[in-house]
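Residue numbers (our numbering): 639 to 842.
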């Protein structure tokens, strides 16, 4: 009888010990999950200082706004690369800024245009180039884009309007002052660059 009581007490003690262990593990798991949620939420929040008083400001989920940033990045690059004036220093400045936004394919196209005398023709004809974006198609899963725009070339003797279509891919990189969107255009190429209009100006 005494032995049975001892065995029962041992079983009860074992059950209590196992139950306590499981309960402790569950509590630890809940605490870890809660802490992870708190850290994740904290990372989505930023604080602004107003006279040394911190004010909580909510930061939008980056992925929700990424398509808009991709379009803005593609639009900015094309504007820098194609909106030009007959000024050596200005064109060099534009190209330098544009090259921060693209991989080596941008420099390849720049060198090709330079060899063909594109930039010299802008200087010699005093042309002003203005690019107008029509649309930018995105394939987010593939990080692919296709750009549609019209390039207006205003010369002394005529005004030419060209259809411009390019394509490429987008790569996420760390943000910087020179690349505020944190995007790099890769595999960029021109699909179409043809005249739509060529209107002569009156020279008298």
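Every residue, glycine too, gets a C-beta built ideally from N, C-alpha and C.
Cβ separation of residue i and residue j, assumed to be a contact under 8 Å, to the nearest whole Å
i	j	result
residue 786	residue 803	6 Å
residue 797	residue 741	Actually they are not in contact, since the Cβ atoms of residue 797 and residue 741 sit about 33 Å apart, beyond 8 Å.
residue 726	residue 766	Wrong, their Cβ atoms sit about 15 Å apart, outside the cutoff.
residue 801	residue 788	6 Å
residue 769	residue 720	4 Å
Closest Cα partner of residue i within the set the options
i	options	result
residue 832	790, 649, 716	790
residue 771	709, 810, 733	709
residue 777	806, 711, 814, 645	806
residue 715	819, 672, 763	819
residue 811	652, 703, 739	739
residue 837	664, 799, 764	799
residue 732	645, 703, 816, 670	816
Buried or exposed (CB count within 10 angstroms, at least 16 for buried), residue i
i	result
residue 744	buried
residue 813	exposed
residue 794	exposed
residue 822	buried
residue 718	buried
residue 698	Low confidence applies to residue 698: its pLDDT is 49, below 50, so where it sits in the model is not reliable, and the reading given next is rough at best. So residue 698 counts as exposed.
residue 808	buried
residue 666	exposed
residue 712	buried
Residues of its chain near residue i, where Cβ-Cβ distance is below 7 Å and the 5 sequence neighbours each way are ignored
i	result
residue 737	744, 745
residue 661	none
residue 775	783, 784
residue 705	776, 778
residue 829	803, 804, 805
Residues near residue i by beta carbon distance below 6 Å, same chain, minus five either side
i	result
residue 649	none
residue 773	786
Own chain partners of residue i with C-beta closer than 8 Å, once the 5 adjacent residues on each side are dropped
i	result
residue 827	743, 747, 804, 805, 806
residue 729	722, 723, 757, 760
residue 834	788, 799, 800, 801
residue 764	724, 793, 794
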